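Residues in the sequence shown are numbered from 11 upward in steps of one, following the numbering used here.
Where is the CB? At the ideal position from N, CA and C, for every residue including glycine.
Note that the coordinates shown come from a computational prediction; the quantities given were computed from them, not determined experimentally.
The next block holds one structure in the form of structure tokens; read it before the comments.
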Amino acid sequence: MSTAVHLDGITKRFPGVIANDDVDLSVERGTVHALLGENGAGKTTLMNILYGLYQPTEGTVRIDGTARDFDSPRDAIDAGIGMIHQHFMLVDPMTVTENIVLGNEPRKWGGLAVDSARARKQVRELSDRYGFDVDPDAKIEDVSVGVQQRVEILKALYRGADVLILDEPTAVLTPQEVDELFEVFDELTDQGKTIIFISHKLGEVMDAADEVTVLRDGKNVGTVDTADTTREQLAELMVGREVLMETETDDQEAGETVLDVAGLSAEDNRGVEVVSDADFAVREGEIFGIAGIDGNGQSELIECVTGLKTPTAGEITYKNRDITHAPRKQRIDSGMAYIPEDRHERGLVMDFDLTQNSILGSQHSEPFAKRGRINWGRARTHTDEIISQYDVRPPNAEADAESFSGGNQQKFIVGREFERDPDLVVATHPTRGVDIGATNFIHDRLLDLRREGKAIVLVSSNLTEVQGLSDRLAVMHDGEIMDVVDPATVTEEQIGLLMAGEHIDGGERAAVTTDGGNR
């Protein structure tokens, strides 16, 4: 077996940051090779170098044994490298064929016109060759996310790619679509193609990859054959210490209803309805999970609950009081904590230091303020406690929020919100961008709050997380809550069907009682 890609001593420096530090990577032709690591480990930077988006500060890129200098993605494409980014680069109103051949259209009449018939024929032949089952005439806006991803892969293959790089390819897929993607990997490698995919999901790496290279802090800390390793060993390579892979929950009875959402609908900024007639209730001592592919109304639903958006219909009752139109500050003062989806937009003021950020939303209230004057000494003590308890690095309360990595920003926000002594925690993607050790800590804190009788709404695109922690689990598709299911009895396949908009035999209308009975 020959080496398709060899990266030799790759270093990439940005101002004040070494993103890749003397990284070696070898990928054998006809294999699936995973690049594993937490956010900020240097995975995407390394692949952007292979694709010509960045040039290395030091080191050499070799394709099929030949040293290559890529000044742009065009150079990489010409060398047989294709990259499918996490956010697809497709034109929605155009057809599958038009997207695939865009910029490389076959011509007729001496190059004066696009040969649409030949383009459609080439796309169909390419789709059939790899068993993709993609309709060349379908519009992108009318096909599923999984099909859109196949179109991106076909677009790279149409341009002659022998090595395909996929950046977090499963982030927007249902479980069924993930399985289908891995079948595509098998078909591609059977025909001699080479796959490199970036991930931080251990289970998927073990299922799909032949070999895995782990990056930590910009360094290659090991390349192993997945047949000869375990999830636990990969996790230890990722974070540099032994970690527990499972979070254990215990049975407990839920108490009184804390949050009741009835008939809630909401529109996006374009006036399009994105939440439709949502009903759910959350009680003391329970975690109510919300799952679904990103962009199916979860964000707008949570914005209504937390006071960032006004619903177009329905009511929100919190601790037996109607807060449908209550301002955000009133909700904070009444014990509602919120971990936002976008930490930069909603969670932090980036040019404030951590002490200033630690009292956001509470800067006019005791114990941080009295008669309009902020007690900065008390605020600093509070900040130091968050930094220590939640392992925020570097431990500098005077540093601006923008100077911290995304994972440390996230840990700080989680700490601030958990330490408000809330009655209701609305946690949206609380572990996004943090390492496995910190993820376990955050999960344990959520369960501690549950034991203390707090009500928790947990929104996560990580199905393992939301299914493992929740007492009840709502699944959203296209703005609707498809069903509320028992996480202990529902299967991953059933959740995937709900995420895709299909009803199942089960759920709150069958799998759990309608009064919200817990496990």
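- Of all alpha-carbon atoms in Arg460, Phe207, Thr41, the one lying nearest the alpha-carbon of Gln262 is that of Arg460.
- Ser471 counts as buried, since no fewer than 16 other beta carbons sit within 10 angstroms of its beta carbon.
- DSSP, read as helix, strand or coil, puts Arg293 in strand.
- Distance between Met360 and Val155, taken at the CA atoms: about 33 Å.
- Counting C-beta pairs with one atom in each stretch, the stretch 346 to 356 and the stretch 417 to 427 have three or more that are closer than 8 Å, which means they touch.
- If one requires a minimum length of 3 residues, the beta strand (DSSP E) runs lying completely within the stretch 405 to 446 are 434 to 438, in chain order.
- Taking Tyr168 as the centre and dropping the five residues before and after it, the same chain places the C-beta of Ile110, Val111, Asn114, Gln132, Val133, Leu136 closer than 8 Å to its C-beta, in chain order.
- Comparing C-alpha distances from Ile163 to each of Phe207, Ser126, Asp125 shows the shortest one belongs to Phe207.
- Ala389: member of the alpha helix (DSSP H) spanning 386 to 399, first to last residue.
- About 6 Å separates the Cβ atoms of Met248 and Gly47, confirming a contact at the 8 Å cut-off.
- Shown here, Gly307 sits in coil according to DSSP, grouped into three states, outside any helix or strand.
- Inter-residue distance for Leu456 and Leu468 is about 9 Å (C-alpha atoms, whole angstroms).
- Check the Cα spacing between Glu187 and each of Leu122, Gly506, His513, Leu100: the tightest is with Gly506.
- Every unbroken stretch of the alpha helix (DSSP H) spanning 4 or more residues and falling wholly within the stretch 33 to 121 is given here in chain order: 53 to 60, 83 to 88, 106 to 111.
- Asp152 and Phe142 have their C-alpha atoms roughly 17 Å apart.
- Secondary structure at Ala148: coil, using DSSP grouped into helix, strand and coil.
- In this structure the stretch 192 to 200 does not touch the stretch 225 to 233; the number of beta carbon pairs closer than 8 Å is below three.
- With a threshold of 16 other beta carbon atoms within 10 Å, Pro377 falls short and is exposed.
- In the structure shown, Met509 adopts helical secondary structure according to DSSP, grouped into three states.
- For Tyr328, the enclosing beta strand (DSSP E) covers residues 323 to 328.
- Pairing Val173 with Ile303 gives a Cβ-Cβ distance that is not under 8 Å.
- Shortest Cα-Cα distance from Thr267 to any of Gln243, Gly305, Ile326, Val71 involves Ile326.
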